[in-house]
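Colleague:
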Amino acid sequence: MAKEQENNGNGSSSLLVELPLREAAEGFELEKAICSHGLFMLAPNHWDPISRSFSRPLRLTSPPLTVTVRISQPPTSSSSTLYLRVYGASSLSPPHRHSLLNQVSRMLRLSESEENKVREFRSIVEALHGEEEATEYLRSFSGRVFRSPTLFEDMVKCILLCNCQFSRTLSMAKALCELQFEIQHQISSSKAAEDDFIPKTPAGKESKRKLRVSKVSMRLESKFTESKVDNSVSDLQLSQEPLDFVGMGSFPSPEELANLDESFLAKRCNLGYRASRILKLAQGVVQGNIQLTQLEEDCKETSFSSYDKLSQRLRQIDGFGPFTCANVLMCMGFYHVIPADSETIRHLKQVHSKSCTVQTVGRDVELIYAKYAPFQFLAYWAEMWHFYGQRFGKLSELPVSDYKLMTASNMKNKKIATRKRSKTSAEE
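Quick note on numbering: the sequence shown equals residues 8 to 435 in this note's numbering.
1. Distance, Cα to Cα, residue 184 vs residue 389?
2. Below 9 Å between beta carbons: does that hold for residue 415 and residue 172?
3. Starting from the Cα of residue 65, find the closest Cα among 131, 300, 104 and 79 and give me that residue.
4. Once DSSP output is grouped into helix, strand and coil, what is the label at residue 83?
5. With a threshold of 8 Å on Cβ separation, who are the neighbours of residue 222 within its own chain once the five nearest residues in sequence on each side are excluded?
6. Tell me the DSSP secondary structure of residue 239 in three-state form.
7. For a test of the three-state rule: what should DSSP assign to residue 206, helix, strand or coil?
8. What three-state label does DSSP hand residue 35 in the structure shown?
9. Determine, using beta carbons only, whether residue 341 and residue 309 come nearer to each other than 9 Å.
10. Take residue 89 as the anchor and find which of 63, 27, 358 and 68 has the nearest alpha-carbon.
11. Touching or not, the segment 155–168 and the segment 273–292, by the rule of three or more beta carbon pairs under 8 Å?
12. Using DSSP with H/G/I as helix, E/B as strand and the rest coil, what is residue 223?
13. Hey, out of 119, 127 and 70, whose CA is closest to residue 101's CA?
14. DSSP beta-bridge partners for residue 74?
15. Considering only their Cβ atoms, is the gap separating residue 345 from residue 383 smaller than 9 Å?
16. Helix, strand or coil: how does DSSP classify residue 315 here?
17. Would you decide whether residue 407 is buried or exposed? Buried here means 16 or more other CB atoms lie within 10 Å of its CB.
18. Could you give the C-beta distance for residue 265 and residue 293, rounded to a whole number, given that I count them as a contact under 8 Å?
19. Mark residue 29 as exposed unless 16 or more other C-beta atoms lie within 10 angstroms of its C-beta, in which case mark it buried.
20. Name the DSSP bridge partner or partners of residue 325?
21. Residues in the same chain with beta-carbon distance under 6 Å from residue 39, minus the five sequence neighbours each way, listed in chain order, please.
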C-alpha cells in the first residue's frame, strides 16, 4: 500500500510503498537477496552497506515515469514487509504502482514459483549435508540470485560479462547509464526530439564530467571504508533521497539505443564488438522481432524442454553463444545449467583440484554438481560466492572502489587481492 508523502527539504517529494513478502517472509534477508551476484554491483544499482538499503532508478510504465527507488527492510526478525521509498513522484497511479512492485519483485525473485525453488533447493542441501560445518555456506545461501528489473537489462549485462575482466564490465555498465543521462537530458531540453537523435558529447566536456563523477564516487566510497556498518539507521536517514552520482541515469531502454550509431556507441561506452550485439538486440526488440514479454511468459514453466526451446530462440540473436544464453536463462529462473567460462575452470582447479579445459568444463561441472539437480547452478554459485567472500571479505560490505578487484587473477593470489584492497582504501 502507498503510505505517507514527504518533502525532502529540496523541493522534491517521496512516497513510501509497502511490499508484502507473503510466502517469502520466513527467513528473507534483503542483504542476502541483493548481494548474491555481481549484477548487484553494476550501474545503476547501488547497495549501501551502512543503511543496508538498495537504490536505483526504475522506469515505470503506462505512461512512462522514471523514479528513484530505495528498498529497505525493517530491522526486525519478524518483518514481513519491504519498504520502497519512491523519489520523484508525489503519487503513483495504479499502473505505476503495479509496474513498481513487479520490477522490485523481479529483482528479488519474489514470486510463488521462485519461493518454491528456494525451498526445494534448501531441502536438497539439508538432505545431502545435514549440519556439516564444511557446507554451512550452502545452508546460509539465500537461494535467490539477484537480477535486473527487466529482461532487456539482464540480456545486455550478460553481454557485458563476456570475455573481459569484471572491472571492464563495471566500467561499460556505468558508461551506458551515463549515456542514458545524456540522451534523456538532451531530449528533455528539446521539445521536439528527432527519432534519429545521436548524442554528441564533446571530448573536453566529457573529461570534465567524468572527473566530477570520480570525485563524488571517491567521497562516497571513502565513507564506506571509514564507517563501520551500523544496523541502527534512523527512519529519517532512509527517507532522504539517495546521493546522486553526477551524470548518472537509468539503464538505457531498447528505444534509446536502437537508433544510435554503432561506432559512436562502441567508443562512448568502450564496448568494442559488444556495441554491434547490443544495438542488434535493441533493434530487434523495437522492431518486434524479439518479443521479451513472450520470452518471460514462456519461462514460467522451467522444464528441460522449455529450456531447450528458449535456448534455441536466444541462440538466433546475434552474439548469444552458449555462455551468454546460459546466463540469461539463469536470470530467467533455470538453474540446472551452469554457465561455464574461464572463471569456472579456475574455480574447479582451485577448489576441487580438477584440471579441465574449455572443451571439458561443461562435463566436469555436471559431474561435480549433479547431486543438486535441478539446482546445480545454485550450488555452484553458492560455493563460488562463498570463496569470493573468503578472498575479498563480506561482499555486501565492500566499498564500491573494491568491486573492480573481483577478478580471476586476484582470486588466484590472496596476498595480491589483500594488498590491492588495502592500497585502494588507503588512497581514499
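From the three backbone atoms N, C-alpha and C, an ideal C-beta is built for every residue, glycine too.
Modeller: In terms of the structure at hand:
1. On the sequence shown, position 177 is the one that residue 184 refers to. On the sequence shown, position 382 is the one that residue 389 refers to. Those two C-alpha atoms are separated by around 29 Å.
2. Taking the first residue of the sequence shown as 1, we reach residue 415 at position 408. Taking the first residue of the sequence shown as 1, we reach residue 172 at position 165. Result yes, Cβ atoms of residue 415 and residue 172 sit closer than 9 Å.
3. The residue labelled residue 65 in the question sits at position 58 within the sequence shown. For residue 65, the nearest C-alpha among the options comes from 104.
4. Within the sequence shown, numbered from 1, the residue matching residue 83 stands at position 76. For residue 83, the secondary structure class from DSSP, reduced to helix, strand or coil, is coil.
5. The residue you call residue 222 lines up with position 215 of the sequence shown. With a pLDDT of 38 at residue 222, under the threshold of 50, the modelled position of this residue cannot be trusted, and the question is left open.
6. Counted from its first residue, the sequence shown places residue 239 at position 232. Confidence at residue 239 is low in this model, with a pLDDT of 46, below 50, so the placement of that residue should be treated as unreliable; the coordinate-derived value is given next. Three-state DSSP puts residue 239 in coil, outside helix and strand.
7. As a first step, residue 206 is located in the sequence shown; it is residue number 199 there, counting from the start. Per-residue confidence for residue 206 stands at a pLDDT of 49, beneath the threshold of 50, marking its modelled position as unreliable; the derived number appears in the next sentence. In this structure, residue 206 counts as coil in the three-state DSSP scheme.
8. Sequence index remark: in the sequence shown, residue 35 carries index 28 (1-based). It is coil, neither helix nor strand.
9. Looking up residue 341 in the sequence shown gives position 334. Looking up residue 309 in the sequence shown gives position 302. Against a cut-off of 9 Å, the Cβ pair of residue 309 and residue 341 comes out as a contact.
10. The residue labelled residue 89 in the question sits at position 82 within the sequence shown. Minimum Cα distance to residue 89 is reached at 27.
11. In this structure the segment 155–168 lies against the segment 273–292, because at least three pairs of beta carbons, one per stretch, are closer than 8 Å.
12. Taking the sequence shown and counting its residues from 1, one reaches residue 223 at position 216. Model confidence at residue 223 stands at a pLDDT of 34, short of 50, so the residue's coordinates are unreliable and nothing is read from them.
13. Mapped onto the sequence shown, residue 101 falls at position 94. Residue 101 has its Cα closest to that of 70, out of 119, 127 and 70.
14. As a first step, residue 74 must be located in the sequence shown, where it is residue number 67. Answer is 65.
15. By 1-based counting over the sequence shown, the position of residue 383 is 376. By 1-based counting over the sequence shown, the position of residue 345 is 338. In this structure, residue 345 lies closer than 9 Å to residue 383 by Cβ.
16. For the purposes of this step, residue 315 is taken as the residue at position 308 of the sequence shown. Three-state DSSP puts residue 315 in a helix.
17. The sequence position of residue 407 within the sequence shown is 400, counting from 1. By the neighbour-count rule (16 or more Cβ atoms within 10 Å), residue 407 is buried.
18. As a position in the sequence shown, residue 265 is number 258, starting the count at 1. As a position in the sequence shown, residue 293 is number 286, starting the count at 1. Confirmed, about 4 Å.
19. Here residue 29 refers to the residue found at position 22 when the sequence shown is read from its first residue. Its Cβ having fewer than 16 others within 10 Å, residue 29 is exposed.
20. If you number the sequence shown from 1, residue 325 lands on position 318. According to DSSP, residue 325 bridges with nothing at all.
21. The sequence position of residue 39 within the sequence shown is 32, counting from 1. Counting only Cβ-Cβ distances below 6 Å, and skipping sequence neighbours, we find 149.
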